[in-house]
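When we follow the working numbering, the leftmost residue of the sequence shown carries the number 20, and every step to the right adds one. Ideal Cβ positions, reconstructed from N, Cα and C, are used throughout, including at glycine.
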Amino acid sequence: MIKKTKSGKIDGRHGRKRRMEPIVVAEEAAQYGIRAPAALPPSERFISPNEAGRILNVTGEAVKQWIYHRRLPATKLSNGYWKIKIHDLEDFIKARQNLGQKKIMIIDSPGTATNEIAAAIEKLGHQVIVAHNQADALLKAADLYPSLFIANVSMKELDAWKLMQRIRNTRNIRNAPLLIIAEHELKEAESEMALELNAQGFLKRPFKAQTLIDELEKILSRVL
């Protein structure tokens, strides 16, 4: 839902201050991965990626990834900085809302770390699917068609590499993006397996929730 001034326009005239109502309703936006958005700047015609990130509760780097992959229109200035038109940001927010909720499967051992990942994903407004063993993962993957997988390849009780190879052979989800997490740096053989599985990203534990959110935003902006 977009709300503008009484005139129906965003005032971009220089030096003129004009109060605006919030551009997105927080309760509505939360369903679409836009976390607790604030009002757009009241009287600025252009904003920076960092300012856009504050509106969407993501980092400026995540906004730049949308710009680089032509999801969000922006103009690059001679000094190397980017500027974004207010109405382009509004259109982007509408498009983000239309994307709807995504199903993200976490393949990991039960415990606090997995719960923290699930909580971070839920804050983005997406549905969380958790699997702790191979049978459960294969069944849920085939039945629920996750949009993205997060797999812990350091589990002792489960070979996540082989599991993801089997999932890649499942129709309709074989091309779903994959984020690999591990408690160690990937060895050369593991990096090669990651490439074979078309993994979109890697995170080494421990990592902060915001680091995970930023990585997911980058992946989703590239592939969705």
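Coarse secondary structure for residue i, derived from DSSP in three states
| i | result |
| --- | --- |
| Phe65 | strand |
| Leu231 | helix |
| Lys206 | coil |
| Ile192 | coil |
| Lys237 | helix |
Range of the contiguous beta strand (DSSP E) that encloses residue i
| i | result |
| --- | --- |
| Ala201 | 197 to 201 |
| Ile136 | Ile136 -> not in any beta strand (DSSP E); alpha helix (DSSP H) instead, spanning 131 to 142. |
| Leu222 | 218 to 223 |
| Lys122 | 122 to 126 |
Beta-carbon spacing of residue i, residue j below 8 Å
| i | j | result |
| --- | --- | --- |
| Ala132 | Phe168 | no |
| Leu108 | Ala71 | yes |
| Gln120 | Gln146 | yes |
| Leu205 | Met183 | no |
| Ile199 | Ala170 | yes |
| Arg64 | Ile105 | yes |
| Lys8 | Ile148 | Here the chain comprises residues numbered 20 to 243, so residue 8 is not present and cannot be evaluated. |
| Ala218 | Leu197 | yes |
| Ile232 | Ala139 | yes |
| Ser210 | His88 | no |
| Lys237 | Ala93 | no |
Contact set for residue i: own chain, Cβ-Cβ below 7 Å, skip 5 residues either direction
| i | result |
| --- | --- |
| Ile192 | Ala160, Tyr164, Pro165, Ile186 |
| Thr189 | Ala160, Ala161 |
| Gly79 | Pro68, Asn69, Gly72 |
| Gly52 | Low per-residue confidence applies at Gly52: pLDDT is 43, beneath 50, and the placement is therefore not dependable, though the value from the model is reported in the following sentence. Result list for Gly52: Arg115, Leu143, Gly144, His145, in chain order. |
| Glu234 | Leu198, Gly220, Leu222 |
| Asn152 | Leu177 |
| Gly130 | none |
Contacting residues, own chain, Cβ-Cβ under 6 Å from residue i (five flanking each side not counted)
| i | result |
| --- | --- |
| Ser173 | Ala201, Glu202 |
| Phe111 | Leu91 |
| Ser128 | Met174 |
| Val77 | Glu236 |
| Thr230 | none |
Beta-carbon proximity list for residue i, same chain, < 8 Å, skipping 5 on both sides
| i | result |
| --- | --- |
| Ala208 | none |
| Lys227 | none |
| Tyr100 | Ser67 |
| Leu214 | none |
| Ala156 | Met124, Ile126, Ala150, Leu182, Ile186 |
Going residue by residue through the region 148 to 189, where are the continuous alpha helix (DSSP H) segments of at least 4 residues, counting only ones entirely within it? Runs of the alpha helix (DSSP H) inside the region 148 to 189: 153 to 163, 179 to 187.
Pick out the complete beta strand (DSSP E) segments inside the region 77 to 101, 3 residues or longer, and give them in chain order.
Here no run is fully enclosed.
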